Amino acid sequence: MSEVSSSPFHRLLLTGAAGGLGKELRQRLKPHAEILRLSDIAPMAAAESPAEEVVTCDLADKAGVHALVEGVDAILHFGGISTEHAFEPILEANIRGTFNLYEAARRHGVKRVVFASSNHVIGFYRQDQRIDASVPQRPDSYYGLSKAFGEDLATFYFDRYGIETVSIRIGSSFPEAQNRRMLATWLSYEDLTDLILRSLTTPDVGHTIVYGASDNRDSWWDNRLAAHLGFQPKDNSEQFRAKVEAQPLPAADDPSMVYQGGAFVATGPFDD
Numbered sequence: 001m002s003e004v005s006s007s008p009f010h011r012l013l014l015t016g017a018a019g020g021l022g023k024e025l026r027q028r029l030k031p032h033a034e035i036l037r038l039s040d041i042a043p044m045a046a047a048e049s050p051a052e053e054v055v056t057c058d059l060a061d062k063a064g065v066h067a068l069v070e071g072v073d074a075i076l077h078f079g080g081i082s083t084e085h086a087f088e089p090i091l092e093a094n095i096r097g098t099f100n101l102y103e104a105a106r107r108h109g110v111k112r113v114v115f116a117s118s119n120h121v122i123g124f125y126r127q128d129q130r131i132d133a134s135v136p137q138r139p140d141s142y143y144g145l146s147k148a149f150g151e152d153l154a155t156f157y158f159d160r161y162g163i164e165t166v167s168i169r170i171g172s173s174f175p176e177a178q179n180r181r182m183l184a185t186w187l188s189y190e191d192l193t194d195l196i197l198r199s200l201t202t203p204d205v206g207h208t209i210v211y212g213a214s215d216n217r218d219s220w221w222d223n224r225l226a227a228h229l230g231f232q233p234k235d236n237s238e239q240f241r242a243k244v245e246a247q248p249l250p251a252a253d254d255p256s257m258v259y260q261g262g263a264f265v266a267t268g269p270f271d272d
């Protein structure tokens, strides 16, 4: 496997820096940028050094986002709502917010985005199906629908403006796999970081979709269409299997046992 370049960017923007993954990536990305610009609408820890810039920003605020993007070399878009909600909050944070970010990238000449997409873009595929990035989207929720929009937006901005994106369909990135579904979808922080760095530095990615999962025995996803990234995960979920399989077995027709998106397929509606 080829080595990831350690040459730092001058300034990287990380949205969603107050979230669980954002806090983890804040520490892991420090060696790879001279300045890490951190953004969220939620409170964040103060800058730890001159190598950090902490900017509170609502992604739905077009002017604020345009100011946020000025002067950055690349964008890691992990901001927005990360679980299922009613449509209106999703619309503002995830759909309008992602559009604002790409428009700002266009205006400021930013040519590389790493987009935190989600397995919920394809959540209605069954767990007995193995799929690659060529399958049609089958979003399982308003959240999944917003991530599908983000992927389509990335395709448009590459075709129209030459902005390249790697969309990472993140499985379940937590310290450990917590249930049976996560034995298939778990993504270690180390593998996520490696995938992000490859997504930033691999040339000529166009719009690449890659499944973000570690080397799990039960995986449903085939990354052959993203082979040019050179991503070969080092971790797997076997270390958690005994603990997970000691949990009570859900019913065979439970969504967590049937669909790749798990419980998201049965969440909502919210407005009835």
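Taking full-length UniProt numbering, I'd label the letters of the sequence shown as residues 1 to 272. Where is the CB? At the ideal position from N, CA and C, for every residue including glycine. Bear in mind the structure is a predicted one, so any value in this text is a computation, not a measurement.
In the three-state reduction of the DSSP assignment, Ala-33 falls in the strand class, which pools E and B.
In this structure, DSSP gives Ser-199 a helical state, which the three-state scheme calls helix. When DSSP reads this structure, Ser-39 sits in a beta bridge with Thr-15, Val-55.
Spanning the alpha carbons of Gly-71 and Thr-56 requires a straight line of approximately 16 Å.
Ranked by Cα distance from Ser-237, the options Leu-187, Ala-246, Gly-261, Gly-268 are led by Leu-187. Here the alpha carbons of Phe-158 and Gly-123 stand approximately 25 Å from one another. Here DSSP, grouped into helix, strand and coil, assigns Leu-187 to coil. Separation of the CB atoms of Gly-144 and Ser-118 is rounded to 6 Å, and the pair is thereby assigned contact status at 8 Å.
Listed in chain order, the alpha helix (DSSP H) elements of length 4 or more contained wholly in the stretch 206-233 amount to none. Inter-residue distance for Ala-184 and Gly-212 is about 11 Å (C-alpha atoms, whole angstroms). Between the beta-carbon of Ala-67 and that of Asp-40 there is about 15 Å, and that puts the pair past the 8 Å contact cut. Every alpha helix (DSSP H) stretch that sits fully inside the stretch 242-272 and reaches 4 residues is listed by chain position as 255-258.
For Ser-167, there is no enclosing alpha helix (DSSP H); the residue is part of the beta strand (DSSP E) that begins and ends at 164-170. Collapsing the DSSP output to three states places Phe-9 in a strand.
In the three-state scheme derived from DSSP, where H, G and I count as helix and E and B as strand, Phe-99 is classed as helix. Note on geometry: alpha-carbon atoms of Arg-11 and Ala-246 lie some 46 Å from one another. Assigned with DSSP and collapsed to three states, Phe-115 falls in strand.
Beyond the five residues adjoining it in sequence on each side, Val-258 comes within less than 7 Å, by CB distance, of Arg-126, Gln-127 in the same chain, given in chain order.
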